[in-house]
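Residues in the sequence shown are numbered consecutively from 0, following numbering that gives the first Met the number 0. Where a beta carbon is used, it is the ideal one built from N, C-alpha and C, also for glycine. First the structure, in the form of structure tokens, and then the observations on it.
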Amino acid sequence: MDRNESAPAIVIKSERYKERDRIITLLSPVWGLRRVVVYGAQKSRKAVKASLYTEAVFHIYENRERRQTSLVDLNIISIHENVSESLETSFAASLMCEIIMKERGEDAPAYYSLLTGLIDTLCAENYRRSVIQFVIRALDISGLAPDFIRCPDCGRRYAEAEILGFSRSGLTPCCSDCDSMSGSFILPPNARRYLKDSLSCDAQKAMSFEISQRMETSLMRYTIRLYRMVTSAELKSALMLSELSAGTQELDVVVSTGNKR
Ligand SMILES: [Zn+2]
Numbered sequence: 000m001d002r003n004e005s006a007p008a009i010v011i012k013s014e015r016y017k018e019r020d021r022i023i024t025l026l027s028p029v030w031g032l033r034r035v036v037v038y039g040a041q042k043s044r045k046a047v048k049a050s051l052y053t054e055a056v057f058h059i060y061e062n063r064e065r066r067q068t069s070l071v072d073l074n075i076i077s078i079h080e081n082v083s084e085s086l087e088t089s090f091a092a093s094l095m096c097e098i099i100m101k102e103r104g105e106d107a108p109a110y111y112s113l114l115t116g117l118i119d120t121l122c123a124e125n126y127r128r129s130v131i132q133f134v135i136r137a138l139d140i141s142g143l144a145p146d147f148i149r150c151p152d153c154g155r156r157y158a159e160a161e162i163l164g165f166s167r168s169g170l171t172p173c174c175s176d177c178d179s180m181s182g183s184f185i186l187p188p189n190a191r192r193y194l195k196d197s198l199s200c201d202a203q204k205a206m207s208f209e210i211s212q213r214m215e216t217s218l219m220r221y222t223i224r225l226y227r228m229v230t231s232a233e234l235k236s237a238l239m240l241s242e243l244s245a246g247t248q249e250l251d252v253v254v255s256t257g258n259k260r
């Protein structure tokens, strides 16, 4: 039995398919992840276009016999053209989508609202902060975000000015005593506070927290590395991003006061 369906969604992947068509992957709060063929997208001017990062109400047609779903029409909500502003913003958006692809449609409503909310904040100035917020919240959605209050290994409450290490066995940030990476993957107190405060409010609010560009760069690397360690995911766009933002140092460590500047 064939049928037509409609739902809001955003294009998170777009690939060539055969000679004239494309296959797009949609993230929808209703469908989860869904692969949809766009016939003629490659050649025909008349074909319905749904380029990468287009957010819309998608009308699709499912042909059960051919086991294929195709795009019929769409009502655009936003094409998020800010993403193509720079290489950095493009890689940031592609990192977000890579993480979502990896989740295979789990928690789709939460990821949909996270992505559509944060993709709008991407700009050459802000992309690091958007990435930090996305990654830490993605970990939170999967139930893998640390609370940054107590050490998950020994249960001890962190001291105010404590620099967190990382526990290889627990795959989590931990207190300095439980650190099993000899201080090679650390989180200073000011950065920890920023992450903890971020998770205590919504993404839009957290985007307004002021941090220095240097801390943004370090924290972007930290959160991406954290994500990769915790989920053992390879993230191709992460490599590109860190190469682009190269030249900045590791997280600043101020042991005595816990305050930067
Ligand atoms: Zn501990």
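Name all residues in chain order for which at least one heavy atom of ligand 1 lies closer than 7 Å to the residue's CB.
C150, D152, C153, R155, C173, C174, D176 and C177
Straight-line Cα distance separating G164 from G182:
6 Å
By DSSP, does C96 sit in helix, in strand, or in coil?
helix
Which residues does DSSP pair with P172 in a beta bridge?
F165
Could you name each continuous beta strand (DSSP E) segment of 3 residues or more that falls completely within the region 46-118, going from the start of the chain to the end?
54-62 and 67-77
Kindly indicate the opening and closing residues of the beta strand (DSSP E) around V35.
G31 to V37
Using C-beta distances below 6 Å, list every residue in its chain close to M219, excluding the 5 sequence neighbours before and after it, in chain order.
R127, V130 and I131
Helix, strand or coil at L143 according to DSSP, with G and I counted as helix:
coil
Going by beta carbon distance, what residues of the same chain come within less than 6 Å of N3, once the five residues before and after it are set aside?
Y60
Is the region 141-148 touching the region 189-208 in the sense that three or more CB pairs, one from each, lie closer than 8 Å?
yes
Alpha-carbon to alpha-carbon, N189 and R276:
For the chain, the structure presents residues 0 to 260; residue 276 sits outside this window and is missing.
Under 7 Å Cβ to Cβ from L121, same chain only, skipping five residues before and after it: list those, please.
N81, V82, T88, A91, A92 and S129
Between which two residues does the alpha helix (DSSP H) carrying N3 extend?
No alpha helix (DSSP H) holds N3; the beta strand (DSSP E) holding it covers R2 to Y16.
Answer with buried or exposed for C96, where buried requires no fewer than 16 other C-beta atoms within 10 angstroms of its C-beta.
buried
Under the assumption that L70 contacts V35 (Cβ atoms under 8 Å), give the Cβ distance between them as a whole number of angstroms.
5 Å
Return the bridge partner residues of S27 from the DSSP annotation.
G31
Does the separation of the CB atoms of R21 and A40 fall below 8 Å?
yes
Quick check on L238: buried or exposed, where buried means 16 or more other Cβ atoms within 10 Å of its Cβ?
exposed
State the DSSP-derived secondary structure class of D20, mapped to helix, strand or coil.
strand
What is the rounded straight-line gap between the Cα of V29 and the Cα of A6?
7 Å
Roughly how many whole angstroms lie between the Cα atoms of G257 and A160?
Only weak support exists for where G257 lies, its pLDDT of 41 falling under 50; the coordinates are left without a value.
Rounded to whole angstroms, what is the Cα-Cα separation between G31 and S231?
23 Å
Residue range of the alpha helix (DSSP H) that includes R156:
Counting along the chain, R156 falls outside any alpha helix (DSSP H), and DSSP gives it neither H nor E.
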